[in-house]
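As they're listed, the protein sequences go chains A and B. For the first sequence, my numbering begins at 1 and goes up steadily by one. For the second sequence, my numbering begins at 1001 and goes up steadily by one. Report on one structure; see the data block that follows.
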Amino acid sequence: SAVISQKPSRDICQRGTSLTIQCQVDSQVTMMFWYRQQPGQSLTLIATANQGSEATYESGFVIDKFPISRPNLTFSTLTVSNMSPEDSSIYLCSATTSGASSYNEQFFGPGTRLTVL
Amino acid sequence: GNSVTQMEGPVTLSEEAFLTINCTYTATGYPSLFWYVQYPGEGLQLLLKATKADDKGSNKGFEATYRKETTSFHLEKGSVQVSDSAVYFCALSDRSGGYNKLIFGAGTRLAVHP
Chain A
1 SAVISQKPSR DICQRGTSLT IQCQVDSQVT MMFWYRQQPG QSLTLIATAN
51 QGSEATYESG FVIDKFPISR PNLTFSTLTV SNMSPEDSSI YLCSATTSGA
101 SSYNEQFFGP GTRLTVL
Chain B
1001 GNSVTQMEGP VTLSEEAFLT INCTYTATGY PSLFWYVQYP GEGLQLLLKA
1051 TKADDKGSNK GFEATYRKET TSFHLEKGSV QVSDSAVYFC ALSDRSGGYN
1101 KLIFGAGTRL AVHP
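Here you go:
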C-alpha cells in the first residue's frame, strides 16, 4: 500500500491568482494522477503525472491551466492557474504502486479543498 | 468509450437494513472493477475489488460480484450501520491509451439512521 499526503488541505483564494498543491507518497510509485471532484460530483481525471516528462492530460484539461510537475517517483505538484470560482473543487492526488499486475489499485490522498472567491 | 453507471442517491436506510447499490459498466475487454468509499471530510478509500468474471470482492461486510453476462458489479451488505454512511463510488480500470486509469461512476450517497 501507499500513504499519500497533500498540502494544503484547504485554501480560499482570490480569482486571478494561482495555487500549487503538493502530493507526497511514502514509497516509490509507478504512476501518479490528479483528479478534480466538483461539489456533489464524481471524480474526473485531470492528468497523469509522468516522472521526468510532461504530464498526459485528459480531454478538456490543458497544461496552461493545470501545470503539473513530477520531479521524482514520490512527489508531484498540481498548479491551478488564473483561478475563477468555477475552479472551486476538491483536488485529489492518487498513485499506483509498482507491482500492480492486471489491475491498477490506486491509493488516494485526502484531497485539497479549494474555494475561489 | 468505457463508462460506469450507478444508481442515483441518496439512499436512506435504517440501521441493520439490507443494502444494494447497483452498478453497471460499459467496457471493451476485461476491466477490473472497484468500489471506493468516501467518508465525510475524507479522501477515497478502496473498499473492495474484483479482477475477473465471477470474482467476488468483499471487505467490512460488503460484497460485490463481477458479473460479465450482465456487466454489473452491485454492492451489497446484509446489515448496515450508522458508520457506513458515506458516498460510494463504483469504478473500472481503463487500459486504453496504453496506461491504466480509473473511470468512476457518479457516486451514491448512503445515509443510515439509528
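C-beta: ideal position from N, C-alpha, C; glycine also.
Determine which residues share a DSSP beta bridge with residue i and list them.
i	result
Val80 of chain A	A:Leu19
Gln6 of chain A	A:Cys23
Ala49 of chain A	A:Met32
Ser123 of chain A	A query on residue 123 of chain A cannot be resolved here, the shown segment of chain A reaching from 1 to 117 and no further.
Arg113 of chain A	A:Arg10, A:Ile90
Phe1018 of chain B	In the DSSP output, where bridge partners are listed per residue, Phe1018 of chain B has none listed.
Gln987 of chain B	Outside the modelled stretch of chain B, which goes from 1001 to 1114, sits residue 987 of chain B, for which no answer is possible.
Under a Cβ-count criterion, where at least 16 other Cβ atoms within 10 Å of its own Cβ denotes burial, should residue i be classed as buried or exposed?
i	result
Val116 of chain A	buried
Arg70 of chain A	buried
Phe1034 of chain B	buried
Gln106 of chain A	buried
Ala55 of chain A	buried
Lys1068 of chain B	exposed
Ala1053 of chain B	exposed
Gln41 of chain A	exposed
Asp87 of chain A	buried
Tyr35 of chain A	buried
Thr1028 of chain B	exposed
Asp64 of chain A	exposed
Gly1041 of chain B	exposed
Tyr1088 of chain B	buried
Thr48 of chain A	buried
Tyr1039 of chain B	exposed
In three-state DSSP terms, what is residue i?
i	result
Val1011 of chain B	strand
Ser1003 of chain B	strand
Asp64 of chain A	coil
Thr1026 of chain B	strand
Pro1114 of chain B	coil
Pro71 of chain A	strand
Leu43 of chain A	strand
Ser102 of chain A	Summary for Ser102 of chain A: the model assigns pLDDT 49, below 50, so the residue's position carries little reliability; its value from the coordinates is reported in the next sentence. Residue state, collapsed to three classes: coil.
Residue i and residue j look like a contact to me (Cβ under 8 Å); what is the Cβ gap, rounded to whole Å?
i	j	result
Ile46 of chain A	Glu58 of chain A	6 Å
Gln1081 of chain B	Glu1008 of chain B	Not really, about 23 Å apart at Cβ, beyond 8 Å.
Thr1108 of chain B	Val1004 of chain B	Their Cβ separation, rounded to whole angstroms, is 11 Å, which puts Thr1108 of chain B and Val1004 of chain B out of contact at 8 Å.
Met83 of chain A	Ser18 of chain A	7 Å
Phe108 of chain A	Ser94 of chain A	5 Å
Ala1050 of chain B	Ser1032 of chain B	7 Å
Tyr1030 of chain B	Phe1073 of chain B	Tyr1030 of chain B to Phe1073 of chain B, Cβ: 13 Å. No contact.
Val1037 of chain B	Ala1086 of chain B	5 Å
Leu89 of chain A	Gln37 of chain A	Strictly speaking, residue 89 of chain A in this sequence is Ser, with Leu absent from that position. 6 Å between Cβ atoms; contact.
Lys1056 of chain B	Thr1065 of chain B	5 Å
Gln6 of chain A	Gly111 of chain A	7 Å
Phe1062 of chain B	Leu1048 of chain B	6 Å
Lys1101 of chain B	Phe61 of chain A	Not a contact, Cβ separation roughly 13 Å.
* In the stretch 1046-1097 of chain B, which residue ranges form an unbroken beta strand (DSSP E) of at least 3 residues, counting only runs that do not cross its ends? -> 1056-1059, 1062-1065, 1075-1077, 1086-1094
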